[in-house]
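First up is the structure itself, then whatever we jot down about it.
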Amino acid sequence: MDGSEARARLFRDDGSAGGEYLFDWSRSGVGALPERPDNTQLTWFRRRLGSLLVVRPNPMLIGGETREEVTRPDPRLGNFASWYRWLSQEQPGAVMALNTALREVLPGFDVLRLRQSGEAKLLEATMQGPDGRRMAWRLGDLSDDERALIALYTLIHCLPDDGATLCIDEPENFLALPEIGPWLDRFDERCAEPPQQGILISHHPRPINLLARDAGYWIDRDGPLAPTRVRRIEPGTGAAGVSMDQLVERGWVFDE
């Protein structure tokens, strides 16, 4: 290592060493790696990292105006309208399935549509009222739980076909129990379809009881400066007849 420079050596698929090159030690050398027939494992790893979607949805940041298309959502989904604009062009089949799913969970919902407004476009939800008339509402004018549901269903219905790892922090925020249940079931089904993967961080009893026994990990630490421990929750953990969320509440998941 010399100042801000370091030497890197990459290895081929067969384990043999490749040449050395200089790179900035504070950055990964994998990002600049050209794709070749002898390094398919490294380039697959790079593509898989690029397919990570890490979000903590905040519906209060989701507005209805978009002036551009973006290929992926930001962590709080503040650019949701711009991402949906891109999805409507690149994944029309997934968007059609999304609108069908939303009709089942949002009373009166008909379709999401983009409408030209000067140099921008407005993302609107067409809803049917009790009198049968349809009205278009800007996405930003919907309630927090309606926007949260739209965003969460979009995340699972519009994953790329070649695979992604969807990581969601506390998806149940802003939702009532009857709303999170059907979405969670669909999340479980979608992420069981290879090559899709999903990771949820949650304190909510519904996802804990559904997922923790078979696919759960317990993350804890003894203090703010202590190292974080990650432990697999093994099948059969806990006393018979006690739900997993009750084990979490009572601190019985692991015997210390």
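Here the working numbering is used: the first residue of the sequence shown is 3, the next is one more, and so on. Glycine is no exception: its CB is placed at the ideal position from the N, C-alpha and C atoms.
Cα separation between residue i and residue j?
i: Phe189; j: Trp88; result: 22 Å
i: Glu106; j: Val57; result: 24 Å
i: Arg11; j: Gly21; result: 6 Å
i: Asp164; j: Arg74; result: 15 Å
i: Ala166; j: Glu126; result: 27 Å
i: Leu141; j: Trp46; result: 37 Å
i: Ala19; j: Asn41; result: 11 Å
i: Cys193; j: Gln199; result: 5 Å
i: Asp112; j: Thr156; result: 15 Å
i: Trp254; j: Gly225; result: 19 Å
i: Pro39; j: Arg48; result: 15 Å
i: Ala83; j: Asn175; result: 20 Å
i: Ala178; j: Trp185; result: 11 Å
i: Leu151; j: Glu67; result: 18 Å
i: Asn211; j: Ile201; result: 15 Å
i: Arg69; j: Asp26; result: 35 Å
i: Glu195; j: Ser53; result: 16 Å
i: Ser28; j: Arg9; result: 12 Å
Helix or strand or just coil, what does DSSP make of residue i?
i: Gly66; result: coil
i: Ala8; result: strand
i: Phe189; result: helix
i: Leu154; result: helix
i: Leu227; result: coil
i: Gln199; result: strand
i: Asp2; result: The question about residue 2 has no answer here: the residues shown for the chain are numbered 3 through 258.
i: Phe13; result: strand
i: Glu181; result: helix
i: Ala103; result: helix
i: His206; result: coil
i: Val97; result: helix
i: Thr42; result: helix
i: Pro36; result: coil
i: Phe256; result: coil
For the alpha helix (DSSP H) holding residue i, just list the boundary residues, first then last.
i: Ala166; result: No alpha helix (DSSP H) contains Ala166, which DSSP labels as neither H nor E.
i: Trp139; result: From DSSP, Trp139 is part of no alpha helix (DSSP H) but of the beta strand (DSSP E) over Arg136 to Arg140.
i: Gln91; result: Phe82 to Glu92
i: Val250; result: Met246 to Arg252
For the beta strand (DSSP E) holding residue i, just list the boundary residues, first then last.
i: Ser119; result: Phe111 to Ser119
i: Leu125; result: Ala122 to Gln130
i: Asp26; result: Ala19 to Asp26
I'd like to confirm the pairing. Which residues does DSSP put opposite residue i in its beta bridges?
i: Val56; result: Cys169
i: Pro220; result: With the sequence shown as reference, residue 220 is identified as Trp, and Pro is not the correct amino acid for it. BP columns for Trp220 point to Arg233.
The segment 210-219 in contact with the segment 229-238 per 3-pair CB rule at 8 Å: yes
Any 3 or more C-beta pairs closer than 8 Å across the segment 57-73 and the segment 23-38: no
contact_flag[the segment 69-86, the segment 173-191] where n(CB pairs < 8 Å) is 3 or more: no
Cβ contact check for the segment 201-213 and the segment 95-111: 3 or more pairs under 8 Å: no
Stretch-stretch touch, CB-based, cutoff 8 Å, three pairs: the segment 126-135 with the segment 166-182: no
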